[in-house]
Amino acid sequence: MSTPDLDRLRRVLGGEDLRWLVDRMWSRLARDLPLDGDVTLRAATPAQRQAVARLLGRAPGRGTSLTVPLPAVAETLRRAGIAPDLRTAVEALRGPVVNRVAEREAAERAWAAAIEPAEAAARLRPALRSWADWLRQTGIVRRLAGADAARGRALVENAVAVLDRLPASGVPLSVLAATATGDGHALDHGRPLATLVLRAAAALGGMPPGGDAEWRRAVWASVGVLHGELTNPVLVLNVPGDAKTATGRALAVWAEAGQPVHLTARQLLRDAPEPPVAGRRVFVCENTSVVAAAADRLGAAAAPLVCVESHPGAAATLLLRILLARGATLHYHGDFDWAGLVIANGVLARFAARPWRMSAGDYLAAAAPGGRPLRGDPVVASWDPALHEAMQARGVAVEEEVVLDDLLRDLAS
Numbered sequence: 004m005s006t007p008d009l010d011r012l013r014r015v016l017g018g019e020d021l022r023w024l025v026d027r028m029w030s031r032l033a034r035d036l037p038l039d040g041d042v043t044l045r046a047a048t049p050a051q052r053q054a055v056a057r058l059l060g061r062a063p064g065r066g067t068s069l070t071v072p073l074p075a076v077a078e079t080l081r082r083a084g085i086a087p088d089l090r091t092a093v094e095a096l097r098g099p100v101v102n103r104v105a106e107r108e109a110a111e112r113a114w115a116a117a118i119e120p121a122e123a124a125a126r127l128r129p130a131l132r133s134w135a136d137w138l139r140q141t142g143i144v145r146r147l148a149g150a151d152a153a154r155g156r157a158l159v160e161n162a163v164a165v166l167d168r169l170p171a172s173g174v175p176l177s178v179l180a181a182t183a184t185g186d187g188h189a190l191d192h193g194r195p196l197a198t199l200v201l202r203a204a205a206a207l208g209g210m211p212p213g214g215d216a217e218w219r220r221a222v223w224a225s226v227g228v229l230h231g232e233l234t235n236p237v238l239v240l241n242v243p244g245d246a247k248t249a250t251g252r253a254l255a256v257w258a259e260a261g262q263p264v265h266l267t268a269r270q271l272l273r274d275a276p277e278p279p280v281a282g283r284r285v286f287v288c289e290n291t292s293v294v295a296a297a298a299d300r301l302g303a304a305a306a307p308l309v310c311v312e313s314h315p316g317a318a319a320t321l322l323l324r325i326l327l328a329r330g331a332t333l334h335y336h337g338d339f340d341w342a343g344l345v346i347a348n349g350v351l352a353r354f355a356a357r358p359w360r361m362s363a364g365d366y367l368a369a370a371a372p373g374g375r376p377l378r379g380d381p382v383v384a385s386w387d388p389a390l391h392e393a394m395q396a397r398g399v400a401v402e403e404e405v406v407l408d409d410l411l412r413d414l415a416s
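Just so we're on the same page, the numbering used here is the position in the sequence shown counted from 1, plus 3.
If you want it as structure tokens, here you go:
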């Protein structure tokens, strides 16, 4: 007998009082477990005990716990000519059993295959190794693709197609998206592809983690992509110009006049200057007030000065990289508060900058009693571990405006 007698099977095993037994067998099959041994039902009703007694041809027990030997059920069905085995009986009553273990294993293989294009890209470009690991460890592709592995693989393939075009040279974001994927909006903020590619672009561009709009612009700029390229320009004073580029010629004019000027990410990508700064010191500050004071008091005699205005945005990132590549040494000063130390740590780490009047001694010399109280969580200065101890002990912040005279003396020398 290969097929069950469905009418008799429903009468013998398909009743409401034996539903729990069929459910238990279904669950075992779905977990790829054999239908052997016993199954036990705690707090069984009298009707459930009677149903098992009729099925196995035995007297019903008196306790509340009900134990059913599955081999005995199988033998009863086989001898009666109702079903050849328990799996056949269960599937006749409930439909084909899906092997959940096998299903999960197949799904995991499909998701591993979905991120394989990223793994292949990481083998060719080691800078993408952390990105490929992030995809594998976080399950981000599965979430973005709506649990559709085929869609997930297509998403990763599109991400790699974008990354294959990076770094670019001043290409607009929409053009990059269109040429790589056929959809000019595929890399818009909030789109799944943008989420994947931004993380990888940050790795390629050496950008720290972030997430706000300026960080996104800086990430795209770090790999040569124009996005919000006219937003948040970088303020400079007396950065020397060159005769080869329009941006360089403009810098030369403003440096000769000793006047501050803003540079956009667009200018620094589309018409990057070639400033002659090899072996020269370029000073970097946090606040625009330092630039204004230097222009007012020193004019064209001030040393080259760049203002990052908090964490370096896209334009500031591009300019500092240009200056480094041209051989300048960068010297950074910022506010003595916890946020200022976070910014300083980042600038020194990302741009090989040196601290400029940022030691514990500099702080203590400027931190007068009664100043603005420090707020927030303490931060350790990477360049001087004693600094955060001094700041905690003194408990006041020191803005750049307080030490302007010292900074201007350095800029004048």
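Glycine included, every Cβ here is placed at the ideal spot set by N, Cα and C.
Thinking just about the alpha-carbon of each residue, which of 141, 178, 63 and 295 is nearest to the one in residue 50? For this step, residue 50 is matched to residue 47 along the sequence shown. Considering only 141, 178, 63 and 295, the residue with the shortest C-alpha distance to residue 50 is 63.
Please identify the residue among 134, 163, 191 and 190 whose C-alpha is closest to the C-alpha of residue 212. For the purposes of this step, residue 212 is identified with residue 209 of the sequence shown, where counting begins at 1. Out of 134, 163, 191 and 190, 134 has the C-alpha closest to the C-alpha of residue 212.
Is it buried or exposed, residue 140, if we count other Cβ atoms within 10 angstroms and call 16 or more buried? Looking up residue 140 in the sequence shown gives position 137. Exposed, because fewer than 16 other Cβ atoms sit within 10 Å of the Cβ of residue 140.
Going by DSSP, what residue range makes up the beta strand (DSSP E) through residue 169? The residue you call residue 169 lines up with position 166 of the sequence shown. Segment: none, residue 169 is in no beta strand (DSSP E) and carries neither H nor E.
Which ranges does the alpha helix (DSSP H) cover as unbroken runs of at least 4 residues, wholly within the segment 313-383, from first to last along the chain? List check, alpha helix (DSSP H) in window: 317-328, 341-354 and 363-369.
Following the continuous beta strand (DSSP E) through residue 43, name the residue where it begins and the one where it ends. In the sequence shown, the residue the question calls residue 43 occupies position 40. Counting along the chain, the beta strand (DSSP E) containing residue 43 begins and ends at 41-44.
Applying the 10 Å Cβ sphere with the 16-neighbour rule, what's the burial state of residue 272? As a position in the sequence shown, residue 272 is number 269, starting the count at 1. Here residue 272 is buried. Its C-beta has 16 or more other C-beta atoms within 10 Å.
Starting from the C-beta of residue 157, find all residues in its chain whose C-beta is less than 6 Å away, skip the five residues before and the five after it, and write them out in chain order. Start at 1 with the first residue of the sequence shown, and residue 157 comes out as number 154. Contacts found: none.
Is residue 379 close to the ligand ADP? I mean its beta-carbon at under 7 Å from any heavy atom of the ligand. This structure lacks the ligand ADP, and indeed carries no ligand of any kind.
Would you kindly report the start and end of the unbroken beta strand (DSSP E) that includes residue 34? Along the sequence shown, one-based indexing puts residue 34 at 31. Where residue 34 is concerned, there is no enclosing beta strand (DSSP E), because DSSP gives it neither an H nor an E.
Determine, using beta carbons only, whether residue 210 and residue 222 come nearer to each other than 8 Å. Indexing the sequence shown from 1 puts residue 210 at position 207. Indexing the sequence shown from 1 puts residue 222 at position 219. Result yes, Cβ atoms of residue 210 and residue 222 sit closer than 8 Å.
Which same chain residues end up closer than 7 Å to residue 74 when comparing Cβ atoms and leaving out the 5 residues on each side of it in sequence? For this step, residue 74 is matched to residue 71 along the sequence shown. Apart from sequence neighbours up to five positions away, the residues of its chain that approach residue 74 with a beta-carbon distance below 7 Å are 39, ordered along the chain.
Whole angstroms is fine: what's the gap from residue 81's alpha carbon to residue 34's? To locate residue 81, count along the sequence shown from 1; it is residue 78. To locate residue 34, count along the sequence shown from 1; it is residue 31. Between the C-alpha atoms of residue 81 and residue 34 there is a straight-line separation of about 24 Å.
At what residue ranges does the segment 225-310 contain a whole run of the alpha helix (DSSP H), taking only runs of 4 or more? DSSP runs (the alpha helix (DSSP H)) wholly in the segment 225-310: 249-260, 268-273 and 291-300.
Please classify residue 36 as buried or exposed, where buried requires at least 16 neighbouring CB atoms within 10 angstroms. On the sequence shown, residue 36 is found 33 positions in, with the first residue counted as 1. Its Cβ having fewer than 16 others within 10 Å, residue 36 is exposed.
So what does residue 72 bridge to, in DSSP terms? In the sequence shown, counting from the first residue as 1, residue 72 sits at position 69. Answer is 41, bridged to residue 72.
Three or more beta-carbon pairs under 8 Å between the segment 237-251 and the segment 307-314, yes or no? A contact exists between the segment 237-251 and the segment 307-314.
Own chain, CB closer than 6 Å to residue 148, minus 5 neighbours either side, in chain order: Within the sequence shown, residue 148 is the residue found at index 145, counting from 1. When the five nearest sequence neighbours on each side are left out, the beta carbons in the same chain lying within less than 6 Å of the beta carbon of residue 148 are those of 154, 155 and 158, in order along the chain.
Reference residue 410, options 360, 396, 322 and 214, closest by Cα: As a working note, residue 410 is residue 407 in the sequence shown. Closest option to residue 410, Cα to Cα, is 360.
Using 8 Å for Cβ pairs, my map puts residue 397 next to residue 368. What's the rounded Cβ distance? As a position in the sequence shown, residue 397 is number 394, starting the count at 1. As a position in the sequence shown, residue 368 is number 365, starting the count at 1. Actually they do not touch by this definition, with Cβ atoms about 11 Å apart.
Let's see if you can read the secondary structure: which residues bound the alpha helix (DSSP H) around residue 85? Locating residue 85 in the sequence shown gives position 82, counting from the first residue. If you look at residue 85, you'll find it isn't in any alpha helix (DSSP H); DSSP assigns it neither H nor E.
Under the three-state reduction of DSSP, which class applies to residue 399: helix, strand or coil? For this step, residue 399 is matched to residue 396 along the sequence shown. Residue 399 falls in the strand class under three-state DSSP.
Go through its chain and collect everything with a Cβ distance to residue 377's Cβ below 7 Å, but skip five positions before and after it. For the purposes of this step, residue 377 is taken as the residue at position 374 of the sequence shown. Result list for residue 377: 340, 341, 394, 398, 399 and 400, in chain order.
Please report how far the alpha carbon of residue 353 lies from the alpha carbon of residue 152, in whole angstroms. As a working mapping, residue 353 is identified with position 350 in the sequence shown. As a working mapping, residue 152 is identified with position 149 in the sequence shown. Straight-line spacing of the CA atoms in residue 353 and residue 152 works out to 37 Å.
Residues of its chain near residue 42, where Cβ-Cβ distance is below 6 Å and the 5 sequence neighbours each way are ignored: Residue numbering aside, residue 42 sits at position 39 when the sequence shown is read from its first letter. Once the five neighbours on either side are set aside, the close Cβ partners of residue 42 are 27 and 71.
Closest Cα partner of residue 125 within the set 94, 59, 206 and 185: Residue 125 sits at position 122 when you count from the first residue of the sequence shown. Ranking the options by Cα distance to residue 125, first place goes to 206.
Would you check if the segment 316-335 and the segment 277-286 touch, i.e. whether three or more CB-CB distances between them fall below 8 Å? The segment 277-286, when compared against the segment 316-335, does touch it at the 8 Å Cβ threshold.
Got a sec? Which residues, its chain only, sit under 6 Å from residue 218 by beta carbon, not counting five neighbours each side? As a working note, residue 218 is residue 215 in the sequence shown. Take residue 218, set aside five residues on each side of it, and no residue of its chain has a beta-carbon closer than 6 Å to its own.
The alpha helix (DSSP H) with residue 194 in it runs from where to where? Along the sequence shown, read from residue 1 onward, the residue named residue 194 stands at position 191. First-last for residue 194: undefined, no H or E at that position.
Using the three-state DSSP reduction, which class does residue 417 fall into: helix, strand or coil? What is shown of the chain runs 4 to 416, which leaves residue 417 out entirely.
So is residue 99 buried or exposed if we call it buried at 16+ other beta carbons inside 10 Å? Counted from its first residue, the sequence shown places residue 99 at position 96. Residue environment analysis places residue 99 among the exposed positions, since fewer than 16 neighbouring C-beta atoms fall within 10 angstroms of its C-beta.
Taking Cβ positions, are residue 7 and residue 91 nearer each other than 8 Å? Reading the sequence shown from its first residue, position 4 is the one you call residue 7. Reading the sequence shown from its first residue, position 88 is the one you call residue 91. Result yes, Cβ atoms of residue 7 and residue 91 sit closer than 8 Å.
Relative to the C-alpha of residue 381, which residue among 375, 46 and 391 is closest? Taking the sequence shown and counting its residues from 1, one reaches residue 381 at position 378. Answer by Cα proximity: 391.
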